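In the numbering used here, the protein residues as written are 0 to 264.
Glycine included, C-beta positions come from ideal geometry on N, C-alpha and C.
Source: prediction; values computed, not measured.
In structure tokens:
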């Protein structure tokens, strides 16, 4: 019942609004308008690019960090896990305003660097720009990836490495033929979750949308359409269905990755 009310019915309504035209007939008019609108195309491309970059950076930083945390003593591991928990949950308007206050045009760190080095312009990227968004999003995406990956690292047992050493295998050979093949499905699953999470974030993007060189994202375009709704909600429905399809696709791939990894559990 809960799934029907909270997921199925809203999804059906979105699909109906996507294809229903103003005169009550059904067609692909809304989809055509979105496809022909350069602003919407830019928003879709920017969201996908941001998701790809964030997922890749979070994986490149988070995977080694998670491995290092598993090798720490209990006290150090508890400290870093607590820190990761706090950082991964601090992802909202407060985080965006924190970065604006830190590296914005009149941010604290910006003013300090300008005073020390005599720089007139802001040496940091605008929080709403592509580079700025990547800085902001990494704050919570890397800890989230670490927390998602840590349980998987326990699958890699020390006995396997000892057995490889008995067989005169080098450390590189162990990782190439055992470690990476075992952990790669878990890493891919984490990559997919970070990608999906990134393209669906709204609060952080909304908070920095007014900064210079701010990006256009799918979630922001949906919000703008819902706020104005001058030309109806068909545009917002199309973009929402696109997000839904991306989420379904990544969820299917995520399940396939975990299914492949389940043989090691």
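Start and end of the alpha helix (DSSP H) containing residue 9? If you number the chain shown from 1, residue 9 lands on position 10. Unbroken alpha helix (DSSP H) run through residue 9: 8–18.
Go through its chain and collect everything with a Cβ distance to residue 61's Cβ below 6 angstroms, but skip five positions before and after it. Position 62 of the chain shown, counted from the first residue, corresponds to residue 61. Excluding positions up to five away in sequence, the list reads 141, 144 and 145.
Reduced DSSP category for residue 25 - H, G, I as helix; E, B as strand; rest coil: Residue numbering aside, residue 25 sits at position 26 when the chain shown is read from its first letter. Collapsing the DSSP output to three states places residue 25 in a strand.
My assumption, with CB atoms under 8 angstroms, is that residue 42 sits in contact with residue 216. Please give the rounded CB distance. Position 43 of the chain shown holds residue 42. Position 217 of the chain shown holds residue 216. Sure, about 6 angstroms apart at Cβ, within 8 angstroms.
Would you report the Cα separation of residue 218 and residue 51, rounded to the nearest angstrom? Your numbering for residue 218 matches position 219 in the chain shown. Your numbering for residue 51 matches position 52 in the chain shown. Answer to the nearest angstrom: the Cα atoms are 16 angstroms apart.
Measuring only the C-alpha atoms, how far is residue 31 from residue 47? In the chain shown, counting from the first residue as 1, residue 31 sits at position 32. In the chain shown, counting from the first residue as 1, residue 47 sits at position 48. Between residue 31 and residue 47, the C-alpha separation is close to 20 angstroms.
What would DSSP say about residue 91, mapped onto helix, strand or coil? For this step, residue 91 is matched to residue 92 along the chain shown. Three-state result, residue 91: coil.
Taking the alpha carbon of residue 299 as the reference point, which residue from 11, 182, 202 and 5 has its own alpha carbon closest? Because the chain in this structure spans residues 0 to 264, residue 299 falls outside the shown range and cannot be described.
Could you say which of 6, 245 and 64 lies nearest to residue 152 if we only look at CA atoms? What you label residue 152 is simply residue 153 of the chain shown in a count that begins at 1. Nearest C-alpha to residue 152 among 6, 245 and 64: 64.
With DSSP as the reference, label residue 270 as helix, strand or coil. No answer is possible for residue 270: the residues shown for the chain start at 0 and end at 264.
Given that a residue counts as buried once 16 or more other Cβ atoms are within 10 Å of its Cβ, and exposed if not, what is residue 200? Here residue 200 is taken as the residue at index 201 of the chain shown, counted from 1. Result: buried.
Beta-carbon gap between residue 209 and residue 139 smaller than 8 angstroms: As a first step, residue 209 is located in the chain shown; it is residue number 210 there, counting from the start. As a first step, residue 139 is located in the chain shown; it is residue number 140 there, counting from the start. No. Outside cutoff.
Nearest-angstrom Cα distance between residue 129 and residue 214? Position 130 of the chain shown holds residue 129. Position 215 of the chain shown holds residue 214. Cα-Cα distance, rounded: 6 angstroms.
Along the chain, where does the alpha helix (DSSP H) that runs through residue 123 open and close? Within the chain shown, residue 123 is the residue found at index 124, counting from 1. Where residue 123 is concerned, there is no enclosing alpha helix (DSSP H), given that its DSSP letter is neither H nor E.
Taking just the CA atoms, how far does residue 78 sit from residue 100? Reading the chain shown from its first residue, position 101 is the one you call residue 100. Reading the chain shown from its first residue, position 79 is the one you call residue 78. Per the coordinates, the alpha-carbon of residue 100 lies some 27 angstroms from the alpha-carbon of residue 78.
Residue 224 to residue 135, Cα distance in whole Å? Translated into the one-based positions of the chain shown, residue 224 becomes position 225. Translated into the one-based positions of the chain shown, residue 135 becomes position 136. If you take the alpha carbons of residue 224 and residue 135, they lie about 25 angstroms apart.
Contacting residues, own chain, Cβ-Cβ under 6 angstroms from residue 93 (five flanking each side not counted): Residue numbering aside, residue 93 sits at position 94 when the chain shown is read from its first letter. None.
Does DSSP put residue 203 in a helix, a strand or coil? Residue mapping note: residue 203 aligns to position 204 of the chain shown, counting from 1. Here residue 203 sits in helix by DSSP.
Can you list, in chain order, the residues of its chain with a C-beta nearer than 6 angstroms to that of residue 121? Leave out the 5 residues immediately preceding and following it. Counting from one through the chain shown, the residue named residue 121 turns up at place 122. Only 104 and 109 meet the Cβ criterion.
Thinking C-alpha only, which one of 164, 80 and 26 is nearest residue 147? Translated into the one-based positions of the chain shown, residue 147 becomes position 148. The shortest Cα separation from residue 147 among 164, 80 and 26 belongs to 80.
Counting C-beta neighbours from all protein chains within 10 Å, is the total for residue 184 16 or more, i.e. buried, or is it exposed? For the purposes of this step, residue 184 is identified with residue 185 of the chain shown, where counting begins at 1. The residue in question, residue 184, is buried, as its Cβ has 16 or more Cβ neighbours within 10 Å.
Runs of alpha helix (DSSP H) wholly within the stretch 217–243 (minimum 4 residues, chain order): Listed in chain order, the alpha helix (DSSP H) runs fully inside the stretch 217–243 are 217–227, counting runs of at least 4 residues.
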